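What follows is the structure, given as structure tokens:
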């Protein structure tokens with residue numbers, strides 16, 4: 008018969024003091040209700056309800072033979088032995104005590120203030136005995152010294168009596184000595200929570216609450232496999248926050264051996280238990296190498312290695328996790344069918360690769376995407392261990408077809424800063440790139456590094472390359488994988504160093520340097536390229552040329568001339584052989600070279616060389632373009648170009664010239680400016696002409712003897728009119744008059760000068776009303792000299808430009824009236840039909856050298872070339888760049904055809920200064936107008 012003391016002591020043995028005390032409180036408060044006892048095969052089963060926050064169902068199992076509790080269960084959330092279990096046990100013990108002697112129930116009766124409950128007496132006696140045993144105090148000594156009133160409670164005296172055990176029942180056996188009660192594994196379930204497959208242990212009747220692992224481990228009712236499983240779950244603490252997931256390679260075999268039903272947890276557990284396949288067939292996989300050409304300029308190859316799986320479960324959008332398999336520790340776990348889980352053991356390297364798997368789909372037209380396979384790109388770290396990866400995959404996976412065989416080798420231990428110069432000479436594109444050279448790839452840091460604003464400043468970050476994504480640069484050569492690890496810090500440091508000198512070295516803020524066109528390329532090479540070379544040499548940075556190499560050596564352009572002239576036929580002929588160094592070059596290549604504005608010459612062997620005397624070469628090419636090229640390689644021209652040719656041939660020490668005697672003689676005549684035969688002047692002219700004026704007349708005859716035209720540009724007051732009239736008089740022809748076009752204010756000045764110095768000439772001033780001019784037009788050919796104005800030539804151009812109207816000489820006085828070639832004045836007078844032409848001006852150049860082109864376009868059309876060529880050769884270099892070489896070239900070209908003397912030069916030949924004062928009387932109307940203007944001006948001055 009089980010006693011109340013036995014029940015209470017058994018409860019104390021399995022309960023902590025705090026829980027026991029709380030259970031006593033529930034028991035005293037009468038919270039136990041509707042309980043009952045059943046006895047079966049030496050076991051007592053006590054069931055009942057205990058009121059707490061709600062009514063909890065409690066079940067106690069007590070082994071009457073061994074006097075120990077077995078299975079204890081309560082529906083409260085607390086899984087360990089709880090206060091509700093203690094309260095029900097004390098209620099049952101109290102009922103047993105009532106059977107021995109009737110007594111009022113402690114929880115139902117009101118206790119007096121001086122009465123000590125029996126339960127408290129028993130607890131006090133137990134602790135007092137323990138204290139006396141530790142202190143060595145005999146119980147009899149304590150009893151003898153107690154006052155008589157202490158023995159009012161007979162129970163305390165009995166418990167403290169000497170040489171009498173406090174508990175008459177024997178010491179209960181240890182758990183190891185107890186005979187195990189049959190254990191039903193189906194009363195418990197294991198739940199797995201994917202994707203980490205965290206295990207949970209529950210009673211089947213209460214699947215939402217964790218069952219007590221500790222109680223089962225303390226009992227001897229479970230077998231070794233179950234104990235190992237529960238110990239693994241307890242020690243792993245997998246349900247705690249931030250705890251590592253379980254290792255399926257350890258957990259799943261324990262689950263199979265334990266025999267517990269296992270369910271997938273999903274807000275409860277599924278209706279069908281899980282089945283484990285611990286030795287499935289190897290996963291079918293493909294290890295492939297796919298090079299991909301990236302459409303860049305120039306194209307680049309991206310080397311991709313992939314692992315593809317088509318033997319795993321396709322993605323299921325119904326799952327709350329992305330992939331229908333999990334990677335835990337070194338295992339892949341997947342549910343291949345409903346309720347069947349496969350465990351594939353892998354290596355850490357394969358796990359890293361499998362973690363990168365992503366689904367790949369086909370996208371057919373007008374259909375839903377169709378799953379193809381899972382795919383993972385091998386990272387640089389994996390390619391470093393390609394042989395090991397291949398070995399692991401071959402051992403643990405089913406690789407079909409056979410994988411590609413490669414060996415991986417590092418390229419360099421340390422990356423190197425450098426400059427890459429991509430220069431295309433044909434297209435004239437120059438690209439200078441600051442790079443970090445990894446051996447297999449040169450990373451342009453202007454592409455990889457960018458700035459991010461951070462507060463008031465910014466920081467530099469690296470952008471992943473599309474060609475080499477990840478942490479490595481990869482190149483495949485044959486059966487070798489060549490790789491190098493990317494160094495972001497080195498790229499950022501190089502970027503910072505160059506950013507500080509970006510303006511000095513010709514880079515933009517983002518370190519870009521791209522020049523297109525010969526002009527921009529040449530400007531960069533002249534200004535910034537020497538600085539880049541110096542900086543690279545100072546820092547020890549190599550310079551790598553991707554295409555054409557920018558040369559550091561220079562070559563000399565040379566030319567050999569052979570020239571001859573024929574003065575009777577106005578013919579000039581010459582040959583020229585051109586050389587760049589020792590290599591002979593053709594005119595076509597020279598013209599192309601100059602037209603493109605190249606700085607470098609490409610030799611026959613493909614190398615580039617810089618021509619040192621580039622300006623000399625350009626002047627020669629421009630000269631050759633003004634001549635007619637013959638099929639035999641020679642050039643033809645007119646005598647008027649001899650002076651320019653002579654200047655070009657003698658302007659460079661790198662030119663050699665072979666001149667025929669006729670050429671030499673003609674040059675002597677040009678330099679002297681005198682005709683071959685001396686000029687005989689009429690006596691009346693010889694008497695008034697001064698020496699410099701006679702020289703001017705001889706120069707005009709020199710021009711006429713070779714059918715040249717020119718500009719008499721003597722300073723005002725030196726007798727340009729007299730010199731011109733002398734020549735016109737001596738060369739007058741009947742029926743072919745000469746014409747002088749001048750400003751309207753000078754018409755009668757010319758007539759007066761003609762009447763004074765050449766009275767023998769018949770002079771006609773073409774002026775007056777239209778009717779008067781119409782009458783004068785009929786008599787033009789009867790005169791030796793026609794004097795008219797620019798406006799009348801333009802107005803009556805039908806008369807002056809008539810085909811029948813041909814002039815002996817056409818003279819333009821104050822020729823600045825035609826300095827603008829686009830005016831009507833200039834366009835009309837240039838159409839005058841004359842055997843000889845002459846321009847008179849005291850200011851041949853006022854604003855721009857283009858004024859000279861307009862004058863010579865009247866004198867000798869084509870002499871200075873087309874206007875656009877003249878602008879390129881002379882106007883822009885002189886006016887915009889102050890090019891002295893171009894100015895000297897133009898001066899030497901025009902020198903034979905322009906004569907200018909100043910008063911300072913001919914001062915000794917001038918007559919004494921003569922002042923002649925002429926007074927004129929204002930008319931009445933003029934006097935009135937004068938006074939009005941004078942009064943207005945005075946008023947404006949004094950009122951200001």
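In the working numbering, the protein residues as written are 8 to 951.
Every residue gets a Cβ at the ideal spot worked out from N, C-alpha and C, and that includes glycine.
The structure displayed is predicted, hence computed values, not measured ones.
Beta carbon of residue i nearer than 8 angstroms to that of residue j
i           : j           : result
residue 725 : residue 908 : yes
residue 669 : residue 571 : yes
residue 206 : residue 216 : no
residue 884 : residue 893 : yes
residue 352 : residue 337 : yes
residue 822 : residue 792 : no
residue 716 : residue 901 : no
residue 781 : residue 808 : no
residue 863 : residue 871 : yes
residue 703 : residue 719 : yes
residue 69  : residue 97  : no
residue 298 : residue 308 : yes
residue 349 : residue 249 : no
residue 650 : residue 677 : yes
residue 542 : residue 512 : yes
residue 771 : residue 786 : yes
residue 768 : residue 802 : no
Residue i: first and last residue of the uninterrupted alpha helix (DSSP H) it sits in
i           : result
residue 727 : 727-737
residue 892 : 891-901
residue 887 : 883-888
residue 628 : 621-632
residue 657 : 649-657
residue 953 : Nothing can be reported for residue 953: it is not among the residues displayed for the chain, which extend from 8 to 951.
residue 356 : 355-361
residue 967 : What is shown of the chain runs 8 to 951, which leaves residue 967 out entirely.
Integer Cβ distance of residue i from residue j, believed to fall under 8 angstroms
i           : j           : result
residue 835 : residue 804 : 5 angstroms
residue 91  : residue 53  : Rounded, the Cβ-Cβ distance is 12 angstroms, inconsistent with contact.
residue 499 : residue 490 : The pair is not a contact, with the Cβ atoms about 21 angstroms apart (cut-off 8 angstroms).
residue 415 : residue 390 : 6 angstroms
residue 682 : residue 712 : 5 angstroms
residue 103 : residue 14  : 7 angstroms
residue 484 : residue 449 : Not a contact, Cβ separation roughly 16 angstroms.
residue 39  : residue 55  : 6 angstroms
Per DSSP, the bridge partner or partners of residue i
i           : result
residue 297 : 311
residue 749 : 796
residue 284 : 349
residue 88  : Residue 88 pairs with nothing; no bridge assigned.
residue 259 : Beta-bridge pairing links residue 259 to no other residue.
residue 239 : Answer is none; residue 239 lacks a bridge partner.
Endpoints, beta strand (DSSP E) assigned at residue i
i           : result
residue 80  : 75-81
residue 379 : 377-384
residue 17  : Run containing residue 17: none in the beta strand (DSSP E); it sits in the alpha helix (DSSP H), 11-21.
residue 43  : 39-47
residue 333 : 332-335
residue 54  : 50-58
residue 404 : 404-406
residue 366 : 365-369
residue 644 : 642-644
residue 269 : 269-271
residue 717 : 717-719
residue 62  : 62-70
residue 413 : Here residue 413 belongs to no beta strand (DSSP E), and DSSP marks it neither H nor E.
Cβ-heavy atom distance, residue i to the ligand MG, below 7 angstroms
i           : result
residue 628 : As for the ligand MG, it is missing from this structure, which has no ligand bound.
Exercise. If you scan the stretch 819-878 from start to end, which runs of the alpha helix (DSSP H) of 4 or more residues do you find wholly inside it?
Worked result: 831-836, 857-866 and 874-877
For this session: Any chance you could list the alpha helix (DSSP H) runs of at least 4 consecutive residues sitting entirely within the stretch 515-601, in chain order?
Result: 525-534 and 536-546
Problem set entry | Unbroken stretches of the beta strand (DSSP E), 3 residues or longer, contained in the stretch 198-231 | 205-210 and 213-217
For this session: Could I get the ranges of all uninterrupted beta strand (DSSP E) runs contained in the stretch 751-801, with 3 residues as the minimum, in chain order?
Result: 770-772 and 792-796
For this session: Any chance you could list the alpha helix (DSSP H) runs of at least 4 consecutive residues sitting entirely within the stretch 416-490, in chain order?
Result: 452-455
Exercise. Which runs of the alpha helix (DSSP H) spanning at least 4 residues fall entirely within the stretch 664-703, listed in chain order?
Worked result: 668-679 and 690-693
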